[in-house]
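Chains as they are written, first to last, in this note's numbering: chain A, 1 to 354; chain B, 1001 to 1354. Positions of the beta carbon are idealized from the N, C-alpha and C atoms, including for glycine. Keep in mind the model is a prediction, meaning the values are calculated, not measured. Reading through the structure tokens given below for one structure.
2 protein chains.
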Amino acid sequence: MSSPRDKRRTKTASPAPARSVGLRDVARVAGVSTATVSRVINSPDTVSEELRARVNSVVRHLGWVPHGAARALATRRTQTIGAVFPTLTHGDFARAIQGLQNELSKSGRTLLLACSEYSPEQEYEQVRMLIERGVDAVLLVGEAHHRDLSELLEKNHIPYVNTFVYNAASHGTCVGPDNRKALYELTRYLIELGHRRFGVVAQTTENNDRAAARMRGIREALAEKGLAIEPRHFVHGFWTIQEGRNLFRRLLQDKPWPTAVICGNAYLTVGALLESQAMGIAVPGQMSIVGYDDIEIMAELPIPLTTVRVLSDEVGRRAARLLIAKLEGREIDESLECAAEIIVRQSSGPPPKG
Amino acid sequence: MSSPRDKRRTKTASPAPARSVGLRDVARVAGVSTATVSRVINSPDTVSEELRARVNSVVRHLGWVPHGAARALATRRTQTIGAVFPTLTHGDFARAIQGLQNELSKSGRTLLLACSEYSPEQEYEQVRMLIERGVDAVLLVGEAHHRDLSELLEKNHIPYVNTFVYNAASHGTCVGPDNRKALYELTRYLIELGHRRFGVVAQTTENNDRAAARMRGIREALAEKGLAIEPRHFVHGFWTIQEGRNLFRRLLQDKPWPTAVICGNAYLTVGALLESQAMGIAVPGQMSIVGYDDIEIMAELPIPLTTVRVLSDEVGRRAARLLIAKLEGREIDESLECAAEIIVRQSSGPPPKG
DNA sequence: TTGTAAGCGTTATCAT
DNA sequence: ATGATAACGCTTACAA
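Okay, structure coming up:
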């Protein structure tokens, strides 16, 4: 008498690791069908009290861990979402990842992480790989991507979200601050303090539409008052503290100096301030220095820095909720625009007289 | 005439997303068997030039992306490795993740990320979930885990590695610096400068065996000279810059002050230095302040900080290589101990006279 | 070199 | 409420 189950283990002998306990074993030991075991796991309330208890006890006893790939194959869902960040060491992305992770784990989902190194090609490749790994949805940074990326995602029916960007035109696909508006307002704040001569220490805008939008905000606010940044007062490069120092020094090669210097990110800002102190410049008496993004050190330096605070972990969290909503076919009611709040500290003030 | 292929799509109509192109479609369009398509992907050189070209072109044309779960089910490998970090925002872990990621992607592997929030229970649960997700191997931080964790991993034949720890006794399972030795040597360095009265600003050692090992290193070095830390000169807490400031201030409540203060991590050190400056203490003239771990700001502050540099991204990279070697049944020849180098900057010097 | 078909460990349909 | 069994989309003996 050969039951259908005996079919297993007839031929195959893959070089892969020895198989361990499976749902089938649980079913056999518990004396129920595989369907019942599956139900106990996935919809316990459709199974009688008694069987549920029996199966659960066998599961624990045998130490069975369901095989995700098999489940994924059957359900065509992995409960995994993928994210591609330009870099992982930048403070705001790290915080976003933490928030994302937190929110996902609430619904038993996991994060599959990839890194584009600010290259659209690499971003495309990473997304492809994530899709191959079966992610249910994808989180991206920015809204400028490889030209084939959206097609790739749509062909595969993968919901996605662009983070750290927001503008009304793209509502529903973006979660983040409105970069342009944030720096528009920061610049207005400085103009209202009386500043007219501005310097900018920026990170390169190549493959970084967030940084580009921020530059736009600055320029628009200035243009409204008939102002502009002199070319020699616009310097840009990488984004470390070191680079901030170097760029700041370059900015001040010739007089007259700008009375206000806007920096493109937290690290550049810290660098600029430290260099200004090394050069003996009085901040804000002689010059105001402001930044974008808020990392802890900015508030702790001897001259605490005025900056724009974005709650990056909130960006991650909201992006997660948006993706989950999309997966469940729900509409989302919460706002997708994240506040970008100007935190005025001691590094900004009116320009020097005369 | 009904070919066996016609069996598909008889019953099932899952609520899951519409299926898209599959290997079967590629095979059909290219006029070859499914086996051939599979071979073109996995061992191209066993297929004739002609078919290979034809299949590849159909793959591109149809935009087929192989289904990872199906492949994982068949091969029992996911090419994914899991990592559980206590937190993701701490600088050294972020760098390790970056290194890990980098090294994994070289061999087409991906990182599945989880976070334990310094809780052994949560770590255990996260590992369980990673196993369920089918990770081929697991990276952990530290070597003190939930009591059932190693059994869980071993029962499931999952290779793993403990990172950010190293001691000769556990060679082969650990990749990282020898925390005890690193702080033993840092303390020796201070003793040799002439310091006798030490203060420690530590992060809590609860669920953090790395921090505990570092404390041991300090105490051993002191004990060798018949020295010890006065209880009131040992303060500990969380690990932010803020906390560093607070703890430092508490440390100096009564005189006589320690002449050397050792901090448990980079953020605490920065906080301690900033607070010392706010208090008008001369560093290093009046007091030396040293730290553990090296983040960029430490080198850039007005008084650059002496600290222990650990190449965290190298920890991530080596851990990845070790895991891959284990998966491939290879022995690894490179060292698993990562250097912990004392970087002497300006914050340390001889104690004040008298 | 290429094709056939069994099997990977689940879920879900259908019947009971 | 439970059981039998056909998918899920791929890999890989084994046969040709």
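Nearest chain A C-beta to Ala1094(B) closer than 8 angstroms, yes or no? With 8 angstroms as the cut-off, Ala1094(B) counts as an interface residue toward chain A.
List in chain order: all unbroken beta strand (DSSP E) runs of 3+ residues lying wholly within the segment 286 to 338 of chain A. 288 to 290, 307 to 310
From the beta carbon of Ala1013(B), is the nearest beta carbon of chain A less than 8 angstroms away? Residue confidence for Ala1013(B) is low, a pLDDT of 29 falling below 50, so the modelled location carries little weight; the figure read from the coordinates is stated next. Chain A, which has no Cβ nearer than 8 angstroms to the Cβ of Ala1013(B), makes this no.
Report the partner residues of Phe85(A) according to the DSSP bridge assignment. Cys115(A)
Can you find a CB in chain B that lies within less than 8 angstroms of the CB of Leu129(A)? The sequence as given places Met at residue 129(A); Leu does not occur at that position. True, the Cβ-Cβ gap to chain B drops below 8 angstroms.
Could you check the C-alpha separation between Ser1347(B) and Pro86(A) for me, to the nearest Å? 35 angstroms
Would Val1055(B) pass as an interface residue toward chain A - the criterion being a Cβ-Cβ separation below 8 angstroms? Not closer than 8 angstroms to any Cβ of chain A, the Cβ of Val1055(B) fails to qualify, so no.
Alpha carbon to alpha carbon, how far is Pro1231(B) from Ala1212(B)? 16 angstroms
Report the option in Gly134(A), Tyr166(A), Ala340(A), Ala53(A) whose CA atom is closest to the CA atom of Leu153(A). Gly134(A)
Cβ contact check for the segment 1278 to 1285 of chain B and the segment 1054 to 1069 of chain B: 3 or more pairs under 8 angstroms: no
Counting only Cβ-Cβ distances shorter than 8 angstroms, please list the residues of the segment 1271 to 1298 of chain B near chain A, keeping chain order. Gly1271, Leu1274, Gln1277, Ala1278, Glu1296, Ile1297
Coarse secondary structure for Ser1203(B), derived from DSSP in three states: One point to set straight first is that residue 1203(B) is Gln, not Ser, in the sequence displayed. The three-state reading of DSSP puts Gln1203(B) in strand, counting E and B together.
With distance defined between alpha-carbon atoms, name the residue in Asp148(A), Leu111(A), Gly108(A), Glu143(A) nearest to Glu125(A). Just measuring C-alpha positions, the residue of Asp148(A), Leu111(A), Gly108(A), Glu143(A) sitting nearest Glu125(A) is Asp148(A).
Three-state class that DSSP yields for Val1175(B) in the structure shown: strand
Where does the unbroken alpha helix (DSSP H) through Glu224(A) begin, and where does it stop? 209 to 224
Between the segment 1272 to 1282 of chain B and the segment 1043 to 1060 of chain B, do at least 3 Cβ pairs fall closer than 8 angstroms? no
Residue range of the alpha helix (DSSP H) that Thr269(A) falls in? 266 to 278
Smallest Cα separation from Leu1305(B): which of Ile1332(B), Thr1269(B), Asn1102(B), Glu1121(B)? Thr1269(B)
What is the rounded straight-line gap between the Cα of Arg214(A) and the Cα of Trp64(A)? Cα-Cα distance, rounded: 52 angstroms.
In whole angstroms, what is the alpha-carbon distance linking Ile295(A) and Leu1111(B)? Distance between the alpha carbons of Ile295(A) and Leu1111(B): 26 angstroms.
Quick one: is Asp1178(B) buried, meaning 16 or more other Cβ sit within 10 Å of its Cβ, or exposed? buried
I'd like the list of long-range same chain contacts for Arg180(A), defined as Cβ closer than 8 angstroms, with 5 residues on each side in sequence excluded. Excluding sequence neighbours, Arg180(A) sits near Asn167, Ala213, Arg214, Arg216, Gly217, Glu220.
Gln1122(B) versus Ser1116(B): straight-line alpha-carbon distance, rounded: 5 angstroms
Measure from the C-beta of Glu1154(B) to each C-beta in chain A and report whether the shortest distance is under 8 angstroms. Chain A has no Cβ within less than 8 angstroms of the Cβ of Glu1154(B).
For Leu336(A) and Gly99(A), what's the separation of their Cα atoms in angstroms? 15 angstroms
Hey, which unbroken runs of the alpha helix (DSSP H) at 4 residues or more fall wholly within the segment 1135 to 1179 of chain B? 1149 to 1155
Please classify Thr1036(B): is it buried, with 16 or more other beta-carbons within 10 angstroms of its beta-carbon, or exposed? buried
Quick one, are the C-beta atoms of Leu139(A) and Ala83(A) less than 8 angstroms apart? yes
Beta-carbon proximity check, Met104(A) vs Ala320(A), cutoff 8 angstroms: Sequence inspection shows Leu at residue 104(A); the Met mentioned does not correspond to that position. Against a cut-off of 8 angstroms, the Cβ pair of Ala320(A) and Leu104(A) comes out as a contact.
In terms of residues, what are the limits of the alpha helix (DSSP H) holding Glu230(A)? Taken as a continuous stretch (DSSP letters only), Glu230(A) belongs to no alpha helix (DSSP H), as it is neither H nor E.
Could you name the residues of the same chain whose beta carbon sits closer than 6 angstroms to that of Ala340(A), not counting the 5 residues immediately before and after it, in chain order? Pro177, Ala182, Val308, Val310
What does a CB cutoff of less than 7 angstroms around Ile324(A) pick up in its chain, not counting 5 residues either side in sequence? Ser107
Can you tell me the Cβ-Cβ gap for Val201(A) and Val261(A), rounded? I've got them flagged as a contact below 8 angstroms. 6 angstroms
So, with DSSP's three-state summary, where would you put His1195(B)? coil
Straight-line CA distance for Arg129(A) to Arg1039(B)? It should be noted that the sequence gives Met, not Arg, for residue 129(A). Whole-angstrom Cα-Cα distance: 19 angstroms.
Coarse secondary structure for Glu1341(B), derived from DSSP in three states: strand
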